[in-house]
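Asker: Residue numbers (the working numbering): 24 to 406. Glycine included, C-beta positions come from ideal geometry on N, C-alpha and C. Handing you this structure, nothing more for now.
Laid out in structure tokens, this is it:
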């Protein structure tokens with residue numbers, strides 16, 4: 024059986040889907056790397072809402088997906104940009120997500136770290152920004168989760184220079200109960216974060232970032248770098264204090280960064296490990312045995328899909344992530360909070376389906392094909 028898919032010239036071409044998925048089963052905990060998947064949220068498709076209204080979340084399906092990730096040994100990075108923070112999910116929804124997911128993690132023994140930001144604010148003074156961070160940090164710590172200090176749009180707008188970042192982050196690190204992860208999210212993921220750490224010069228910004236860490240190394244578990252620049256990440260991780268991890272957030276170069284070199288390696292906190300979860304977990308277990316070549320053999324072929332999902336405008340990668348979750352049977356619909364299912368074109372989604380199918384990512388290839396056919400029919404594509 025073949026399915027007709029749109030091609031780049033506006034026509035249709037025949038594609039023959041796989042009939043069998045990869046055999047990917049849960050296994051032992053990882054020993055060589057700490058790996059988080061930044062997980063998406065599942066919208067409630069029956070909610071009578073609008074794109075600018077508070078998010079309506081299907082809590083059962085959302086938590087079930089987290090159990091899926093935990094079952095494969097992955098940690099869950101909760102309420103991050105993959106969960107549509109600032110793009111459909113407001114702070115009230117994120118706080119509820121954090122509380123529910125942290126409780127679920129305790130119940131199943133899963134690892135969880137949660138995003139701490141300032142999205143209660145659209146703008147504010149430095150004092151207001153600090154208070155917003157403190158409010159969110161308290162919610163995460165009270166939930167019993169590790170904190171990830173996310174980049175703040177409000178701070179990017181209000182900061183006069185590096186000294187304001189040093190003051191705000193220094194204050195937060197001094198009061199954090201446990202070591203946190205610092206998250207540097209580049210403007211390709213959120214244009215409002217351009218010039219973060221007080222400079223558009225990435226070398227100067229890196230120096231400020233490292234100064235924050237050097238002042239409080241006992242309060243920094245690690246740093247998550249999402250700049251899509253492998254060389255810069257390697258240079259930065261070599262400058263980190265002893266004991267501070269580098270968590271790659273580079274969805275373009277993650278196999279080489281996780282594999283590492285003779286001077287070190289990156290752990291992982293990745294949005295692409297939402298759709299790649301079971302395959303990524305299997306690859307890391309191979310790496311645990313010391314088989315770098317086997318790890319790369321499994322993970323290198325996934326980069327083409329990841330680069331496709333995260334192509335510019337990169338901030339809309341969430342649409343492809345949720346689309347693949349629907350095709351894989353993790354949810355019953357292709358609806359997103361904020362109506363973001365409309366953010367990618369049919370050719371983009373078609374290519375995502377084909378690349379994921381070739382990798383064997385769909386547990387039920389026939390279900391994925393049927394759902395793809397249904398989507399194509401909605402766009403007027405006759406089979």
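Check whether the segment 31-46 touches the segment 377-389, counting contact only when three or more Cβ pairs, one atom from each stretch, lie closer than 8 angstroms.
Answerer: They touch, by the three-pair rule.
Asker: Evaluate contact between the segment 293-307 and the segment 323-334, counting only Cβ atoms and requiring at least three cross-stretch pairs below 8 angstroms.
Answerer: In short, these stretches touch, since the Cβ pair count reaches three.
Asker: Going along the chain, which unbroken runs of the alpha helix (DSSP H) with 4 or more residues stay wholly within the segment 193-239?
Answerer: Segments of the alpha helix (DSSP H) lying fully in the segment 193-239: 225-238.
Asker: On the three-pair Cβ rule with 8 angstroms, is the segment 137-156 touching the segment 239-255?
Answerer: Too few Cβ pairs lie closer than 8 angstroms, so no.
Asker: Looking at C-alpha atoms only, which residue of 284, 248, 102 is the closest neighbour of residue 219?
Answerer: Counted from its first residue, the chain shown places residue 219 at position 196. With distances taken between Cα atoms, residue 219 lies closest to 248.
Asker: Would you say the segment 333-350 touches the segment 366-376, given that touching needs at least three Cβ pairs under 8 angstroms?
Answerer: Verdict: yes, contact present.
Asker: By how many angstroms is the C-alpha of residue 158 removed from the C-alpha of residue 194?
Answerer: Your numbering for residue 194 matches position 171 in the chain shown. Your numbering for residue 158 matches position 135 in the chain shown. Going by the C-alpha atoms only, they are around 13 angstroms apart.
Asker: Is residue 245 closer than 9 angstroms to residue 272 when the C-beta atoms are compared?
Answerer: For this step, residue 272 is matched to residue 249 along the chain shown. For this step, residue 245 is matched to residue 222 along the chain shown. No. Outside cutoff.
Asker: Give the straight-line distance between the Cα atoms of residue 231 and residue 185, rounded to the nearest whole angstrom.
Answerer: As a first step, residue 231 must be located in the chain shown, where it is residue number 208. As a first step, residue 185 must be located in the chain shown, where it is residue number 162. So the alpha carbons of these two residues sit roughly 6 angstroms apart.
Asker: Residue 70 and residue 84: beta carbons closer than 9 angstroms?
Answerer: In the chain shown, counting from the first residue as 1, residue 70 sits at position 47. In the chain shown, counting from the first residue as 1, residue 84 sits at position 61. Contact: no.
Asker: Quick check: residue 101 and residue 132, are their CB atoms within less than 9 angstroms of each other?
Answerer: Reading the chain shown from its first residue, position 78 is the one you call residue 101. Reading the chain shown from its first residue, position 109 is the one you call residue 132. For residue 101 and residue 132, no; Cβs fall outside 9 angstroms.
Asker: For the structure I just gave you, are there three or more beta carbon pairs, one from the segment 390-398 and one from the segment 55-63, closer than 8 angstroms?
Answerer: Contact fails: fewer than three Cβ-Cβ distances are below 8 angstroms.
Asker: Could you spell out where the beta strand (DSSP E) holding residue 63 opens and where it closes?
Answerer: For the purposes of this step, residue 63 is identified with residue 40 of the chain shown, where counting begins at 1. No beta strand (DSSP E) contains residue 63, which DSSP labels as neither H nor E.
Asker: Short of 7 angstroms in beta carbon distance, which residues of its chain neighbour residue 63, apart from the five on each side in sequence? Order them along the chain.
Answerer: Here residue 63 refers to the residue found at position 40 when the chain shown is read from its first residue. Closer than 7 angstroms at the Cβ level, and outside the excluded window around residue 63, lie 105, 106, 297, 341, 344, 345, 348.
Asker: Hey, how far is the Cα of residue 237 from the Cα of residue 377?
Answerer: Taking the chain shown and counting its residues from 1, the one referred to as residue 237 is at position 214. Taking the chain shown and counting its residues from 1, the one referred to as residue 377 is at position 354. The alpha-carbon atoms of residue 237 and residue 377 are separated by roughly 45 angstroms.
Asker: Going by DSSP, which residues form a beta bridge with residue 101?
Answerer: Translated into the one-based positions of the chain shown, residue 101 becomes position 78. Per DSSP, 137.
Asker: Just the C-alpha distance for residue 136 and residue 350, rounded to the nearest angstrom, thanks.
Answerer: Here residue 136 is taken as the residue at index 113 of the chain shown, counted from 1. Here residue 350 is taken as the residue at index 327 of the chain shown, counted from 1. So the two alpha carbons sit approximately 27 angstroms from each other.
Asker: Go to residue 341, then tell me how far its beta strand (DSSP E) extends in each direction, as first and last residue.
Answerer: Residue mapping note: residue 341 aligns to position 318 of the chain shown, counting from 1. First-last for residue 341: 340-350, but that is the alpha helix (DSSP H), not the beta strand (DSSP E).
Asker: Are the CB atoms of residue 370 and residue 30 within a distance shorter than 9 angstroms?
Answerer: As a working note, residue 30 is residue 7 in the chain shown. As a working note, residue 370 is residue 347 in the chain shown. Taking 9 angstroms as the Cβ cut-off, residue 30 and residue 370 qualify as a contacting pair.
Asker: On a CA-only basis, which of 260, 226, 61, 284 is nearest residue 99? Give me that one, please.
Answerer: Counting from one through the chain shown, the residue named residue 99 turns up at place 76. Here the closest residue by C-alpha is 61.
Asker: Check residue 36 in the structure and name its three-state DSSP category.
Answerer: Start at 1 with the first residue of the chain shown, and residue 36 comes out as number 13. Here residue 36 sits in strand by DSSP.
Asker: By alpha-carbon positions, which one of 34, 124, 182 ends up nearest to residue 150?
Answerer: Residue numbering aside, residue 150 sits at position 127 when the chain shown is read from its first letter. Closest by alpha carbon: 182.
Asker: Under 8 angstroms by Cβ, that's how I've got residue 191 and residue 178 pegged, so tell me the actual separation to the nearest angstrom.
Answerer: Within the chain shown, the letter at position 168 stands for residue 191. Within the chain shown, the letter at position 155 stands for residue 178. Contact holds; Cβ gap of about 6 angstroms.
Asker: Answer yes or no: do residue 196 and residue 229 have a C-beta to C-beta separation smaller than 9 angstroms?
Answerer: Within the chain shown, residue 196 is the residue found at index 173, counting from 1. Within the chain shown, residue 229 is the residue found at index 206, counting from 1. Taking 9 angstroms as the Cβ cut-off, residue 196 and residue 229 do not qualify as a contacting pair.
Asker: Which residue spans inside the segment 285-367 form an unbroken beta strand (DSSP E) run of at least 3?
Answerer: Entirely contained in the segment 285-367, the beta strand (DSSP E) runs reaching 3 residues are, in chain order, 290-293.
Asker: Could you please give the first and the last residue of the uninterrupted beta strand (DSSP E) stretch that includes residue 83?
Answerer: As a position in the chain shown, residue 83 is number 60, starting the count at 1. Note, residue 83: premise wrong, no beta strand (DSSP E); alpha helix (DSSP H) at 82-94.
Asker: Based on DSSP bridge pairs, tell me the residues matched to residue 108.
Answerer: Position 85 of the chain shown holds residue 108. DSSP output for residue 108 lists 112 as bridge partner(s).
Asker: Just tell me which of 68, 189, 288 has its CA closest to the CA of residue 276.
Answerer: Your numbering for residue 276 matches position 253 in the chain shown. That would be 288, whose Cα lies nearest to the Cα of residue 276.
Asker: Quick check: residue 242 and residue 174, are their CB atoms within less than 9 angstroms of each other?
Answerer: Within the chain shown, the letter at position 219 stands for residue 242. Within the chain shown, the letter at position 151 stands for residue 174. No, the Cβ-Cβ distance between residue 242 and residue 174 is not below 9 angstroms.
Asker: When we look at the beta-carbon of residue 223 and count the other beta-carbons within 10 Å, is it buried (16 or more) or exposed?
Answerer: Against the chain shown, residue 223 aligns to sequence position 200. The residue is exposed, with fewer than 16 neighbouring Cβ atoms inside 10 Å.
Asker: If we count the other Cβ atoms within 10 Å of its Cβ and call it buried at 16 or more, is residue 156 buried or exposed?
Answerer: Locating residue 156 in the chain shown gives position 133, counting from the first residue. Per the 10 Å Cβ criterion, buried.
Asker: Count the other CB atoms within 10 Å of the CB of residue 402; is the residue buried (16 or more) or exposed (fewer)?
Answerer: The residue given as residue 402 occupies position 379 in the chain shown. Result: exposed.
Asker: Closest to residue 391 by CA distance: which of 227, 372, 68 is it?
Answerer: For the purposes of this step, residue 391 is taken as the residue at position 368 of the chain shown. That would be 372, whose Cα lies nearest to the Cα of residue 391.
Asker: Who are the Cβ neighbours of residue 129 in its own chain at under 8 angstroms, not counting the five residues just before and after it?
Answerer: As a first step, residue 129 must be located in the chain shown, where it is residue number 106. These residues qualify, in order along the chain: 167.
Asker: Can you name, in chain order, every residue of its own chain whose Cβ lies under 8 angstroms from the Cβ of residue 50, other than the five neighbours on each side?
Answerer: As a working note, residue 50 is residue 27 in the chain shown. Cβ neighbours of residue 50 beyond the five flanking positions: 95, 96, 304, 305, 308.
Asker: Can you check DSSP and say which residues form a bridge with residue 249?
Answerer: Taking the first residue of the chain shown as 1, we reach residue 249 at position 226. Looking at the DSSP assignment, residue 249 forms a beta bridge with 208.
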